[in-house]
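Here the structure is laid out as C-alpha cells; the discussion comes afterwards.
Numbering (my numbering), first residue to last: 422 to 788.
Below, the structure is given as C-alpha cells:
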C-alpha cells in the first residue's frame, strides 16, 4: 500500500499543482486508495507512517520525496479546518472507524453466515462485545477486535423486554456518566433491566426512585421502552442510531484531542477559522491566509527562529526584521498595494495590533 501511494503521488509531482489542487488530490485520491484494506485489516504502524510521510511531503513540497520545510506536524494537519488544521485524514483513526463497521455488522446481523462462522470459533456463549482475544486468533479477527474498542465508546442498549440488559454492566443511559448509573451497586438485588419494568412493560417508577439516586432515576425514566421486543444495540452518535464511519471518526478525534490536549482552539478561535474558510475569495487565497494566521510563510524572521537563516533583517528596505507582518503591511510594496486598494476599492487599512493583525483583517468592521 505505501508503494502504491508513492507511485500515485509520483505521477503528480511534475504537474506543479497549487496548494488547493494538492489538497483535492490528497483527499479525493491518495487517502481513498487504502479504503478497502483499512476496512478489513489493522494496518501496521510502519505502513501508516510511510503513507503519511509521502502525503505530507507532497502537501508541503509537491513531491513524494520533497525535503522542504514541514511547517506543521501531521497530527495538527488532520484536525478539522475550524480548529486550525486542514482536515486531512488520520489514517489510524479512519482504520479503526472502518473496522468498527465490521463489528457493528456482526452485532446487528447475528444470523449472517460470517457472524455464525466467527461466533462458532471465537464467542460461543456471548456476542462480539463479550468475545475474548485468543492466543492464535487470525489477523482478521484481531482487526475486528480493534474495531470493537471503537464500538464500545458509542454503543448503548435500547430496552425492549429488558431481559438481556444488565443494569450495572451495560451502557444503558446515553450521555450519562459513561452510560452507567452513579448509584452504588453494593447490596442491590436488581441485576437485569427487566426487574425494573412492570408487568405491562413500562418503567416501575416507584421502584426506580427507591433504588437509584435522583439523577439516575430521572435519566432512566426518560429512556424509551420498545414494548415486548428483544433488547437491541444502538449507536449513540447518530440520530438514526445506526453506526457510521463518519461519526465514529469524529468520536475518536474528540477522544484524542481531550486525552492528548492537542486541541488549542477555543470557541472564539473556532469562529475565527470558520470566518477564514468562508471568505468569498479564490480557495488558494483562503489557504494562503491559513498560512499567514499560523505563521507558515518563509519570512526571514520565521526562518531565523527555525535556525534556517542566520539573520532576520529585510534586505529590500533595510528593516531590522523581515516578519510576515512587515512583508504584508509595512514594506514599500505592501504600502503601495494598500494605497491603490484604498483608491480603487475604498478600503482603508486601519491601525492594527501587532499580535492580532492577521485575524483583525478578517473582521467586517475593520476595513
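For every residue, glycine included, the Cβ atom is placed at its ideal position computed from N, Cα and C.
No experiment lies behind these values; they were computed from the predicted model shown.
Could you tell me which of the options sits nearest to residue i, measuring between CA atoms?
i           : options               : result
residue 701 : 775, 744 and 783      : 783
residue 432 : 483, 598 and 536      : 483
residue 560 : 510, 518 and 463      : 463
residue 706 : 522, 598 and 439      : 439
residue 407 : 543, 591, 549 and 470 : The chain is shown from 422 up to 788; residue 407 falls before or after that span and cannot be answered.
residue 721 : 587, 437, 736 and 472 : 736
residue 492 : 747, 719 and 511      : 719
residue 550 : 556, 536, 537 and 572 : 572
residue 456 : 426, 540 and 569      : 426
residue 481 : 758, 443, 743 and 604 : 443
residue 664 : 712, 524 and 621      : 524
residue 435 : 725, 730, 486 and 599 : 486
residue 479 : 429, 501 and 514      : 429
residue 507 : 494, 514, 513 and 518 : 494
residue 779 : 671, 766 and 748      : 748
residue 644 : 632, 605, 672 and 583 : 583
residue 771 : 781, 610 and 502      : 781
residue 739 : 678, 547, 751 and 617 : 751
residue 466 : 514, 437, 773 and 505 : 514
residue 608 : 734, 633, 626 and 625 : 633
residue 518 : 673, 650 and 651      : 673
residue 792 : 522, 734 and 627      : The question about residue 792 has no answer, for the chain in this structure spans 422 to 788.
residue 631 : 604, 714 and 708      : 604
If we ignore side chains and look at the alpha-carbon of each, how far apart do residue i and residue j end up?
i           : j           : result
residue 534 : residue 527 : 10 Å
residue 593 : residue 516 : 27 Å
residue 776 : residue 716 : 12 Å
residue 564 : residue 520 : 7 Å
residue 636 : residue 699 : 42 Å
residue 532 : residue 554 : 22 Å
residue 646 : residue 693 : 43 Å
residue 423 : residue 459 : 13 Å
residue 755 : residue 596 : 52 Å
residue 638 : residue 601 : 12 Å
residue 753 : residue 695 : 31 Å
residue 591 : residue 723 : 53 Å
residue 499 : residue 613 : 42 Å
residue 683 : residue 496 : Confidence in residue 683 is poor, its pLDDT being 45 and thus under 50, which makes the residue's placement unreliable; the coordinate value appears in the next sentence. Taking the straight line from one Cα to the other gives about 9 Å.
residue 745 : residue 675 : 33 Å
residue 413 : residue 529 : Residue 413 lies beyond the residue range present for the chain, which begins at 422 and ends at 788; the question has no answer from this structure.
residue 686 : residue 619 : Confidence at residue 686 is low in this model, with a pLDDT of 46, below 50, so the placement of that residue is unreliable and no value is reported for it.
residue 642 : residue 615 : 14 Å
residue 448 : residue 726 : 32 Å
residue 621 : residue 586 : 18 Å
residue 477 : residue 461 : 25 Å
residue 452 : residue 511 : 9 Å
residue 445 : residue 437 : 14 Å
residue 599 : residue 570 : 14 Å
residue 668 : residue 730 : 44 Å
residue 581 : residue 588 : 14 Å
residue 769 : residue 677 : 43 Å
residue 741 : residue 732 : 9 Å
residue 505 : residue 728 : 25 Å
residue 552 : residue 539 : 10 Å
residue 626 : residue 649 : 18 Å
residue 690 : residue 606 : 44 Å
residue 652 : residue 623 : 14 Å
residue 568 : residue 670 : 11 Å
residue 617 : residue 711 : 55 Å
residue 757 : residue 662 : 58 Å
residue 773 : residue 764 : 20 Å
residue 547 : residue 541 : 10 Å
residue 441 : residue 708 : 7 Å
Using DSSP bridges, identify the partner residues of residue i.
i           : result
residue 580 : 646
residue 618 : 624
residue 655 : 577
residue 587 : 613
- Go through the stretch 462-545 residue by residue and report every complete run of the alpha helix (DSSP H) that reaches 4 residues or more, in order. Scanning the stretch 462-545 for uninterrupted alpha helix (DSSP H) segments of 4 residues or longer gives 466-482, 495-498, 512-529 and 534-543, listed from N- to C-terminal end.
- When the Cβ atoms of the stretch 649-668 are set against those of the stretch 571-585, are three or more pairs found closer than 8 Å? Segments in contact, yes.
- Query: Counting Cβ pairs closer than 8 Å, one from the stretch 658-667 and one from the stretch 464-480, do we hit at least three?
  - Reply: Touching, no, given that fewer than three Cβ pairs across the two stretches are closer than 8 Å.
- Item | Minimum length 4: unbroken alpha helix (DSSP H) runs contained in the stretch 700-743 | Here the runs fully enclosed are 704-715 and 721-726.
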